[in-house]
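Trainee: The sequence shown begins at 1 in the UniProt record's numbering and counts up by one.
Ideal placement from N, C-alpha and C gives every residue a C-beta, glycine not left out.
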Amino acid sequence: MHKVFPTFSMALRALEKRLEAAKLARVQQDFQNRERSFSGGVKPMPTGPKKLTLEMKVLECLGLGDIIFGPDETSFEMWELWMFALTIALYNKVVGEITAGVDASKIVKSEVIAVLFEIFFAIDFFFHSRLGYYEYGNKIMDVATIRKEFFRSRECWCDILAQVPLYMVNWMVGSKNRHEILSINKLFRLLRARQTFAKLEEKHLSRTLQLRLAKLVLLSFILTHLFGCIWFNFKSSSDVDAWLPSPSLKTADVDVQYSAVLFWSFGLMSNSYAGEPPKTEAQCCFTILVLLSGAFLFAYVVGNISDVVELIDANSRDFNTKLSSLRLLLAHFHLPVTIQEQLKTYFFFHRYHTITQEYLLESCLPPSLLTEIRLVHLQPMISKVGFLAGMEGSVTRMLVSQFVQALTVKDQFVFRLGEEGSDMFFVFTGIIDVLVPLETVHRRQSHDERINALGSPSRSSFHTVFPTLDPSKLQSKGQLKKVNELTSGSYFGEVALFTSKPRSAHARCKTSCVLYRLSRRSLELVFERYPDWKRKVLKIVNIQQEQQLLRNLYMEEQMDIAGNTTKKVMSQVDILGDSASLSKSVSAGSSAGSFSEKLPQHGARIPATRPLGALKRAGSFFSSYKAQRSVSTETAVMAQQKKDVIWVDMLLQCTDAQSTFHIQWLMIIAVGTIYMALIIPYRNSYDVLERLSPLPIVARALELTCEVLFGWDIWVNWNLKDGLESMELYENKQRDAYQRERLWIDVIAAIPIDHFLADFYQSPLLCLNRCLKLFNFPHYMREINRRSVAYEKNRLCTLWILLFVLMHWCACAYFSIASVTSTAKTSDDWDEWTPPRSATDTSWTDPPMEFLMLRFLRGIFFSSTAFIKKGKVFEPTNYADYTFTIFVDFVGLMTMAFMIGEMANLHVSYTSNEVEFRKNHIAVDLYLERWHITGKLRARSHAFLSSLWSSHRGVGYQAIFDEIPQVIRTEMIMHIANLPLRVFINNVFRPFATAHPHDRDVEAITRAIAQQLKYEGYPRDECVIVEGSVSKEMYFVVKGYLLSTTSGDQSEERRDRHYKKGDYFGEHGLLGYSVGVSTVKTMSACDLLSLSSEDLLQVILSRPLFQTALSIAVEGYREVSKITRSNRPTTTLDGTQRAEEDWGIVLFQLLRARRKKWLQEALAFSTGDADDSFNEPWTASCLKPGQEVGLVTLSSPSACVKMFEKLLRLIATRGLLDTKSLHQSTAQFQDTHPVMSADLSPQRTASMSTIEKTDTRKGSLDKLSYLH
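This is the structure we're talking about:
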């Protein structure tokens, strides 16, 4: 059936999907028809006769019997806000009437308003009795269930108590016998305010700060209104009482009375106004109640603001903790600037790119939802891949679920040329350079070799673009040529999904990148689940490769023809000149496509001279299914040749974000913003600065300069470029972020309103729009310190600058209002709320210098007392002064609460390491105390923890090392342990690796060991290695001094030794798990790097050269042990000479047999008869005539002992290299040790896919493994 109708199964699956979708749509429609929301659905139909209540009968008459209100409707939120406003209005009415009573002429009006309130509250009661709700995520819309749940709730009973019309008793009595206290039950409705705000915060999570501020304002107003009304109507037996409102206030206007009431109550609660001391018991009790309420209010405000600050900084809290640890690490190890920048780049890339926080989604969301979210940003990239485009939804979801996110740092290689791979990569963000060796670019082969390398057109495959090179001959950066550049949305490495051929080029990150990796195994899982899609994919791949092969062949023919034609007409000079432009035109002519297809093909002949036009035409044939963007090399060369421009040119041109000029520009704008925020209010309040004296002229000149800079700042931000630095530190494009967040503020602040209206009206008030720039000041500070690790210091500096500016604004506003409303009777009376007339009635354009500073400091004193709540506060005398003072007091309360919350948050972040360390210290003390551990052990525990705090400040450096990417961690360890590690490598491994060709082997094993090192810190007088313990680790000394002592025999081999920076110890018998023969104790605080025996063994086995040396050493150790066990001495010599003879003879015999085998393999390799088991390509270079190196050059037993001595000490413990000691400790030799049981035979480094291995018997090595 599949052969006749190959798409029949896919068509059936699509039909089944459509039928299921139709069925689900009908079920959903039936469900919706059984509901009725606020917009008009119907409730479920009753299943039987139902008894109708009076309410139902009334509703049936009104046509509203089946109405149900939905909890998601916008009208529901608007109704809640309206009822909340009515509740606050009712509260003001009830409290005012209870405390002050109702005037006889206003009784009817008051009762009518009360009835209107009751009508709205009755409607609200009915509304909530028909309001749906969510229960465990399910939407409940059944009226019976809703009513049952509502009548059992606390809100229902509060509404019922508030609805009881107790005030109707006043209708039955006269106006003189009214009791307004009967309306106090209406205040029960305030209990629903908290629930209302909770619902709003849950629905509008991003507006938490605004909602919290609104809640604090309302709470403060409720308490202030209550206590103020009680104080104003407080009864006293004395006619003259300073604690009570003054007689003049009793006869003042209502506005002045109410503002004075609020000033007294809020001032007393917030400690902004001390008031007069109480005289009677009742006054004392009431004052104490107000003060306690104020204390609780301030605590509640601080708690809420701190909670909001913590919510806002929740994402950056862990990051700031890491920054604190990173700052201590950098200060401790004194790393080079380049490594410091790499560390900062890595951490900041994590911080500013939210895509790296996908692990949070994995821990919070179900896998199905996570897959759907991934589809949003991965679907566009998948659709660009020819053989993955057009998939069904189920196939796409399963494929996306197999993607693994990977983060790479700048200058890190994703893979190298010649490496084996089975993964395909998608670039989500960042830039990756595709590099090839220069020798490969210029390689030429014959036409027959090219045809053989390309293969038959009927058996096309993802062929290797370049001939396979020796992986050991890794290229340096200067020897690599960039042939392509991959950006966001590109993909590469797709060849590895279908074959096991080595990588055909280097892929190096130009910036930090976020990649998504798709492995061959993951694709096989999808293929197993969807075999029809598998056949479709393989068919597309086969066709595309057939087309690519034909294009490559045609391209080569055209290039050969063009080259032959050019040779006839060009001179040798032209040939040499044109060949220089060839390397430029190859990458410039390449168009989009897989990077493996954009490079010159394996065996492709590149003539020395080719017309540039022909190269450009030929370059278009390198593209297949397009997903990449090629970047011309000429552009990079021209960019490098650009000369530095002066800063004026930078203002006219575009600059990169986070460049040096950008940072300097931000500093200038930040300083200008603060200057304008200070000078504009100052000119409006104290001094217009229009005098022709030096200071005013300089101030006005700076102001005009800032106005010009504000206008030019719009141009700079609008044309800010996204360079390489910005890709590391920003997630969004600069222009989009600027247009969305800050553009409108900059535009308003840059409009010169005062200059436009200069001919009609002149006033400093027209310059106030310049102060709006201050809203962008936090952004400037964040950008300036974006790469700084001192977060706490930078944040604290920003907060204090903003606090001073805000206090300056309040001071200027105070003096402006006081100058207008001043009622001072004398010219030198400072004991009033307003300054004296001598300070306010001076010349506006030319004020005397002796009053300028005095007036300014008086304003600062007022704002300081309002913010800090300390100092003497004078009582205002009019409505404007009362209102302004209350406003400033409340702003000061909120500001100081915010400062307390922010500073507490910064303190927690700054001391997070200390807090964690102290917690561990306390836990250790409790444990020691619980188990009665005293004496030296307790003292050593305290010494260890104290040393850890004094030297590391509680920071676990190894935890930071574990988090850092391997490429950066290796560079750090190579720098930290450079001296001891080099000494160890030169002593143990350098004898086996001569200058050429094994230099890269030494470098590779050095880096491999550095990757396995672990940091350990020890205090003074602490044992690192104890005599008699099993040796499982060796140590490299980075800092400090240590002493090695041995009990008993003090032979030459076991005498005391000192270790300092640059030394290493513990290597003797490390691979043999031998028992330590000495104790190593610290003489001072030490920083050590440890290397375990398992890690060292794996590193040695990873390099063929040292693996072979280790196999010879292990085999020799085994043979010598066998000889010693049989009590057959090999020589008659004694002492050291006998040991050298015994070991030398055995090792030389083993090396002679191994050398004979190498010679046979080298001869077979040179004649082309080598089999697949031959896997030591370095041996061929060792056996070049006249150039023998390494193990091949050993010609005597004594030379063998000299070369293998240090390596043998890794296997045999100290003192066991002589046959006498070895004979005495034969029991320590075990074949079960890892080094003895490890597979030391050469292993194949190449690996094939499972399907590829089974397909090799079909006789085609180049055919796609998935083609059938």
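Are the CB atoms of Lys1014 and Gln966 nearer to each other than 9 angstroms?
Mentor: Contact: no.
Trainee: Determine the DSSP secondary structure at Ser1044, reduced to helix, strand or coil.
Mentor: Here Ser1044 sits in strand by DSSP.
Trainee: What residues in its chain sit with their C-beta under 7 angstroms from that of Ser951, if we drop five residues either side in the sequence?
Mentor: Hits under 7 angstroms: Gly1017 and Ala1085.
Trainee: Suppose contacts are defined by Cβ-Cβ distances below 9 angstroms. Is Gln412 in contact with Cys509 by that definition?
Mentor: Against a cut-off of 9 angstroms, the Cβ pair of Cys509 and Gln412 comes out as a contact.
Trainee: So what's Glu406 in DSSP terms, helix, strand or just coil?
Mentor: Here residue 406 turns out to be Ala, not Glu, going by the sequence shown. DSSP places Ala406 in strand when its eight states are reduced to three.
Trainee: Given a cut-off of 9 angstroms, decide if Met1034 and Ser1090 are closer than it, judged by their beta-carbon atoms.
Mentor: Yes; because the gap between Cβ atoms is below 9 angstroms, this pair is in contact.
Trainee: DSSP has Tyr134 in a bridge; who is on the other side?
Mentor: DSSP lists Lys139 as partners of Tyr134.
Trainee: Measure the Cβ-Cβ separation of Leu729 and Phe319 and say whether it is below 9 angstroms.
Mentor: Cβ atoms of Leu729 and Phe319: not closer than 9 angstroms.
Trainee: Once DSSP output is grouped into helix, strand and coil, what is the label at Ile160?
Mentor: DSSP places Ile160 in helix when its eight states are reduced to three.
Trainee: Could you check where the alpha helix (DSSP H) with His921 kicks off and where it finishes?
Mentor: Here the alpha helix (DSSP H) through His921 covers Ser912 to Arg930.
Trainee: Taking the C-alpha atoms as reference points, what is the distance between Lys139 and Gly901?
Mentor: About 38 angstroms.
Trainee: Just mark Gly430 as buried or exposed, buried being the case when its beta carbon has 16 or more other beta carbons within 10 Å.
Mentor: Per the 10 Å Cβ criterion, buried.
Trainee: Considering Cα atoms alone, identify which of Glu725, Asp656 and Gly711 is closest to Leu743.
Mentor: It is Gly711 whose Cα lies nearest to the Cα of Leu743.
Trainee: Grab the span of the beta strand (DSSP E) containing Gly1017 for me, first residue to last.
Mentor: Unbroken beta strand (DSSP E) run through Gly1017: Lys1014 to Tyr1018.
Trainee: Mapping DSSP to helix, strand and coil, what is Leu720?
Mentor: If DSSP states are grouped into helix, strand and coil, Leu720 belongs with coil.
Trainee: Per DSSP, what are the beta-bridge partners of Ile432 in this structure?
Mentor: Ile432 is bridged to Leu486 and Cys509.
Trainee: Measuring straight from C-alpha to C-alpha, what distance separates Ile312 and Val385?
Mentor: One C-alpha to the other measures close to 40 angstroms.
Trainee: Lys317 by DSSP, collapsed to three states: which one?
Mentor: Contrary to the premise, residue 317 reads as Arg rather than Lys in this sequence. Arg317: helix per DSSP, three-state reduction.
Trainee: How long is the line joining the alpha carbons of Asp470 and Thr354, rounded to whole angstroms?
Mentor: Low confidence applies here, because Asp470 scores a pLDDT of 42, under 50, leaving its location unreliable and the question unanswered by this model.
Trainee: Check residue 1270 in the structure and name its three-state DSSP category.
Mentor: The displayed coordinates of the chain run from 1 to 1268. Any statement about residue 1270 would go beyond what the structure contains.
Trainee: For the beta strand (DSSP E) containing Ile1025, name the first residue and the last one.
Mentor: From DSSP, the beta strand (DSSP E) with Ile1025 extends over Cys1023 to Ile1025.
Trainee: Could you tell me which of Tyr91, Arg535, Asp999 and Ile1009 sits nearest to Pro974, measuring between CA atoms?
Mentor: Reading the sequence as shown, one finds Met at residue 974 and not Pro. When only C-alpha atoms are compared, the closest one is Ile1009.
Trainee: Relative to the C-alpha of Ser500, which candidate in Leu678, Thr511, Ser1093 and Glu420 has its C-alpha closest?
Mentor: Considering only alpha carbons, the answer is Glu420.
Trainee: Going along the chain, which unbroken runs of the alpha helix (DSSP H) with 4 or more residues stay wholly within the region 647-682?
Mentor: DSSP runs (the alpha helix (DSSP H)) wholly in the region 647-682: 647-652.
Trainee: Would you identify the three-state DSSP class for Phe498, choosing helix, strand or coil?
Mentor: Three-state result, Phe498: coil.
Trainee: Taking the DSSP output, what are the residues bridged to Tyr814?
Mentor: DSSP output for Tyr814 lists no bridge partner at all.
Trainee: If you draw a straight line from the alpha carbon of Asp124 to that of Met83, how long is it in whole angstroms?
Mentor: Their backbone Cα atoms lie some 8 angstroms apart in a straight line.
Trainee: Just grab the DSSP bridge partners of Tyr516 for me.
Mentor: Beta-bridge pairing links Tyr516 to Gln405 and Phe426.
Trainee: In angstroms with no decimal places, state the Cα-to-Cα distance between Asp255 and Gly228.
Mentor: About 14 angstroms.
Trainee: I'd like the span of the beta strand (DSSP E) that includes Thr287, first residue to last.
Mentor: From DSSP, Thr287 is part of no beta strand (DSSP E) but of the alpha helix (DSSP H) over Glu281 to Ile312.
Trainee: Return the bridge partner residues of Glu1033 from the DSSP annotation.
Mentor: DSSP output for Glu1033 lists Ser1092 as bridge partner(s).
Trainee: Determine the extent of the alpha helix (DSSP H) in which Val256 is found, giving its start and end residues.
Mentor: Start and end: Val254 to Met269.
Trainee: Compare the C-alpha of Ser265 against each of Asp253, Leu292, Leu768 and Thr280 and name the closest.
Mentor: Checked all of Asp253, Leu292, Leu768 and Thr280; the closest Cα to Ser265 is Leu292.
Trainee: Got a sec? Which residues, its chain only, sit under 7 angstroms from Ala636 by beta carbon, not counting five neighbours each side?
Mentor: Note that Ala636 has pLDDT 41, beneath the 50 cutoff, so the model's placement of it is unreliable and the number below is only indicative. Result list for Ala636: empty, nothing under 7 angstroms.
Trainee: Between which two residues does the beta strand (DSSP E) harbouring Phe125 extend?
Mentor: First-last for Phe125: Ile107 to Ser129, but that is the alpha helix (DSSP H), not the beta strand (DSSP E).
Trainee: With contact counted as at least three CB pairs below 8 angstroms, one residue from each stretch, are the region 811-823 and the region 864-880 in contact?
Mentor: The answer is yes - the region 864-880 touches the region 811-823, with three or more Cβ pairs under 8 angstroms.
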